[in-house]
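So for the sequence shown, my numbering puts the first residue at 48; every next one is plus one.
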Amino acid sequence: MADCEEVQVEVEEPATKKARVQADIKECGENLHTVLKDFSEFQQTRILSDSSQRKTICIEGSFNNREGKAIVLLEKKPFNEEILKNTLNSNCVLQKEFSNDIYGFYEFFPSVKYSGIKTTVIYPATEKHIRKYQSQDIHLIEETPELYESVTLPHLQKEKFSLQWVTNILEHKSETDRVVFEDPSPEIGFILLPDLKWDGKQIEDLYLVAIVHQRGIKSLRDLNSCHLPLLKNIKGKGIKAIEEKYGIPCSQLRIYIHYQPSFYHLHVHFTYLKYDAPGIHAEKSHILSSVIDNIDLMPDYYQKATLPFVVKETENLFLEYERRGIV
Ligand code: M7G
């Protein structure tokens, strides 16, 4: 079967490879991702988190001849029909462990093409990235508008992740070939594209993100009636674009905003309803329809409401709340 062809993996002599990787690093200067072809230069320091349920592992380490820390996040992919069609056949290896009556236990090795592991590499990773990916105790904070003004806002003005990746998308400098839909309007426009967490290959874990063109809307807290046209536009056009491209109706989509987000530039998450995507629980997700409805009912709802959010115990924001005796 043509579909089942093995992917040819070129094998390079170790010495040649090392020289080539180091020459690449020298030539390409700072950006690791322009040269990274394998993990031969990666030195593992420790496991940050490990979830057998999600089938993910997050490793902290460094790259030879490069300053600073790196994070590698590995995630096994879900099955889908294409994989099944192309793996359950004679091109793959099936090793018997044991059998008992009608029950047989095997280890199955699909071909290279169908055994890929989704991999995210963050380099250079800041201490804030490391805390984000590290498993640790979490706490729920009931953030009143006063606490937002006096604790959260000053903290996030002092310490936040860079939004460079967002700017690159909005200015069509990165991920241009991944864009699913763009409305270029500076007031109500946005770019819809697959989230970093989705490889775009199977709808079972469909995850897209709509990033607004308008700058300066940090989070849910900032939203008021001026933003209703923007929110309604994202909902309507996002749903239409996903239905056209992936054939998923809006009744099978979960459309929501995180609070607190990791990145303080307004964006909306679109995930497949059957997929238990990370961050979909009540303590973090606000369904877009309810956000629109709340603002319709009360224009300054999100400036007046107490908004609960989850924070990790080692995050400086938690320490700030703890220092003030609030948690
Ligand atoms: P969030 O609610 O700010 O944070 O969502 P969290 O869900 O990580 O807690 C930001 C979303 O943007 C997340 O779903 C990320 O996976 C996604 N994302 C982050 N980065 C750095 C990128 C990127 O470079 N490209 C794309 N396409 N998505 C990203």
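Note that CB positions come from ideal geometry on N, CA and C, so glycine has one too. Everything numeric in this text was worked out from a predicted model, so none of it was measured.
Alpha carbon of GLU74 to alpha carbon of PRO346, nearest angstrom: Taking the first residue of the sequence shown as 1, we reach residue 74 at position 27. Taking the first residue of the sequence shown as 1, we reach residue 346 at position 299. Any answer about GLU74 is weak, because its pLDDT of 48 lies below 50 and its placement is not dependable; what the coordinates show is given next. Computed Cα separation, rounded: 54 Å.
Along the chain, where does the beta strand (DSSP E) that runs through LEU354 open and close? In the sequence shown, counting from the first residue as 1, residue 354 sits at position 307. Its beta strand (DSSP E) spans residues 354 to 359.
Can you name the start and end residues of the beta strand (DSSP E) that TYR254 belongs to? Your numbering for residue 254 matches position 207 in the sequence shown. First-last of the beta strand (DSSP E) with TYR254: 254 to 259.
Please classify SER99 as buried or exposed, where buried requires at least 16 other C-beta atoms within 10 Å of its C-beta. Sequence index remark: in the sequence shown, residue 99 carries index 52 (1-based). With fewer than 16 other Cβ atoms within 10 Å, it is exposed.
Who are the near neighbours of VAL227 in its chain, counting only those whose CB is closer than 6 Å to its CB and skipping five residues on each side? Position 180 of the sequence shown, counted from the start, is the residue given in the question as residue 227. Shown here for VAL227: same chain residues with a beta carbon closer than 6 Å to its own, the five before and five after excluded, namely LEU239, LEU240, ALA288 and LYS292 in chain order.
Skipping 5 residues on each side, what residues in its chain have a beta carbon closer than 7 Å to that of GLU362? Position 315 of the sequence shown, counted from the start, is the residue given in the question as residue 362. Around GLU362, the same chain offers ARG178 as residues with beta carbons nearer than 7 Å, after the five sequence neighbours per side are excluded.
How about ASP242 and TYR322: do their beta carbons lie closer than 8 Å? As a working note, residue 242 is residue 195 in the sequence shown. As a working note, residue 322 is residue 275 in the sequence shown. No, Cβ-Cβ distance for ASP242 and TYR322 is not below 8 Å.
Is the beta carbon of ASP323 within less than 7 Å of some heavy atom of ligand 1? Residue mapping note: residue 323 aligns to position 276 of the sequence shown, counting from 1. Every heavy atom of ligand 1 is 7 Å or more from the Cβ of ASP323, so no.
How would you write the range of the beta strand (DSSP E) that GLN91 sits in, first residue to last? Position 44 of the sequence shown, counted from the first residue, corresponds to residue 91. Annotation for GLN91: the continuous beta strand (DSSP E) segment containing it runs 89 to 98.
When you compare each of HIS316, GLU222 and GLN90 to GLU107 by their alpha carbons, which one comes out closest? Here the question's residue 107 lines up with position 60 in the sequence shown. Of HIS316, GLU222 and GLN90, the residue nearest in Cα terms is GLN90.
Rounded to whole angstroms, how far is the Cβ of GLN354 from the Cβ of LEU267, which I believe are closer than 8 Å? Translated into the one-based positions of the sequence shown, residue 354 becomes position 307. Translated into the one-based positions of the sequence shown, residue 267 becomes position 220. A small fix is needed here, since residue 354 is Leu in this sequence, not Gln. At roughly 7 Å, the Cβ-Cβ gap stays under 8 Å, so LEU354 and LEU267 are in contact.
What residues match up with HIS328 in a beta bridge as DSSP calls it? Within the sequence shown, numbered from 1, the residue matching residue 328 stands at position 281. None, per the DSSP bridge assignment.
Own chain partners of GLU229 with C-beta closer than 8 Å, once the 5 adjacent residues on each side are dropped: Taking the sequence shown and counting its residues from 1, the one referred to as residue 229 is at position 182. If we look at GLU229 and ignore the five residues flanking it on each side, its Cβ neighbours are GLY236, PHE237, ILE238 and LEU239.
Compute every distance between the C-beta of GLU218 and the non-hydrogen atoms of ligand 1, then say whether any falls below 7 Å. Locating residue 218 in the sequence shown gives position 171, counting from the first residue. Flag unset: Cβ of GLU218 not near ligand 1.
When you compare each of SER221, GLU206 and SER337 to SER309 by their alpha carbons, which one comes out closest? On the sequence shown, residue 309 is found 262 positions in, with the first residue counted as 1. Closest option to SER309, Cα to Cα, is GLU206.
Cutting at 6 Å between CB atoms, please list the residues of its own chain near VAL168, excluding the five before and the five after it. Translated into positions along the sequence shown, residue 168 becomes position 121. Same-chain partners within the cutoff: VAL119.
Taking LYS116 as part of the beta strand (DSSP E), name the residues at either end of that continuous run. For this step, residue 116 is matched to residue 69 along the sequence shown. From DSSP, the beta strand (DSSP E) with LYS116 extends over 116 to 123.
Report yes or no: do the region 136 to 146 and the region 193 to 212 share at least 3 C-beta pairs separated by less than 8 Å? no
Extent of the continuous beta strand (DSSP E) to which LEU203 belongs: If you number the sequence shown from 1, residue 203 lands on position 156. For LEU203, there is no enclosing beta strand (DSSP E); the enclosing alpha helix (DSSP H) has its first and last residue at 200 to 205.
Use the C-beta contact count for HIS328: other C-beta atoms within 10 angstroms, 16 or more gives buried, fewer gives exposed. As a working note, residue 328 is residue 281 in the sequence shown. With fewer than 16 Cβ atoms within 10 Å of its Cβ, HIS328 is classed as exposed.
On the CB-based measure, 16 or more other CB atoms within 10 Å of its CB, does GLY115 come out buried or exposed? On the sequence shown, position 68 is the one that residue 115 refers to. The residue in question, GLY115, is exposed, as its Cβ has fewer than 16 Cβ neighbours within 10 Å.
Element boundaries [beta strand (DSSP E), containing THR173]: Locating residue 173 in the sequence shown gives position 126, counting from the first residue. Segment: none, THR173 is in no beta strand (DSSP E) and carries neither H nor E.
Quick one: does ILE264 have its CB under 8 Å from some CB of chain B? Considering every chain present, this structure includes no chain B. It has just one protein chain.
Helix, strand or coil: which one does DSSP assign to HIS314? Counted from its first residue, the sequence shown places residue 314 at position 267. Here HIS314 sits in strand by DSSP.
Contact the region 77 to 87 vs the region 158 to 174: 3+ CB pairs below 8 Å: yes
Determine, using beta carbons only, whether LYS282 and ILE304 come nearer to each other than 8 Å. The residue you call residue 282 lines up with position 235 of the sequence shown. The residue you call residue 304 lines up with position 257 of the sequence shown. Cβ atoms of LYS282 and ILE304: not closer than 8 Å.
Closer than 7 Å: is that where the CB of LYS244 sits relative to any heavy atom of ligand 1? Residue mapping note: residue 244 aligns to position 197 of the sequence shown, counting from 1. LYS244: yes, Cβ under 7 Å from ligand 1.
Just to check my reading of the structure: HIS312 and ILE258 have Cβ atoms closer than 8 Å, yes? What is that Cβ distance to the nearest angstrom? Locating residue 312 in the sequence shown gives position 265, where the first residue counts as 1. Locating residue 258 in the sequence shown gives position 211, where the first residue counts as 1. Correct: roughly 7 Å between the Cβ atoms.
LEU131 classed as buried or exposed, judged by whether at least 16 other C-beta atoms fall within 10 angstroms: Here residue 131 refers to the residue found at position 84 of the sequence shown. Burial call: exposed.
Looking at the secondary structure, which residues open and close the alpha helix (DSSP H) in which THR223 lies? Taking the first residue of the sequence shown as 1, we reach residue 223 at position 176. Element bounds for THR223: n/a, residue is neither H nor E.
Identity of the residues DSSP links to ILE250 by a beta bridge: Taking the sequence shown and counting its residues from 1, one reaches residue 250 at position 203. None, per the DSSP bridge assignment.
Cutoff 8 Å; reference SER109; Cβ partners in own chain excluding five residues on either side: The residue given as residue 109 occupies position 62 in the sequence shown. Taken in chain order, the residues that qualify are PHE89, GLN90, THR92, GLY115, LYS116 and ALA117.
Taking 8 Å as the cut-off, decide whether the C-beta atoms of GLN183 and GLU360 are in contact. Taking the sequence shown and counting its residues from 1, one reaches residue 183 at position 136. Taking the sequence shown and counting its residues from 1, one reaches residue 360 at position 313. Yes; because the gap between Cβ atoms is below 8 Å, this pair is in contact.
Just to check, is the beta-carbon of VAL256 closer than 7 Å to a non-hydrogen atom of ligand 1? Reading the sequence shown from its first residue, position 209 is the one you call residue 256. Yes.
ASN271 and ILE342 look like a contact to me (Cβ under 8 Å); what is the Cβ gap, rounded to whole Å? In the sequence shown, residue 271 corresponds to position 224, counting from 1. In the sequence shown, residue 342 corresponds to position 295, counting from 1. At roughly 6 Å, the Cβ-Cβ gap stays under 8 Å, so ASN271 and ILE342 are in contact.
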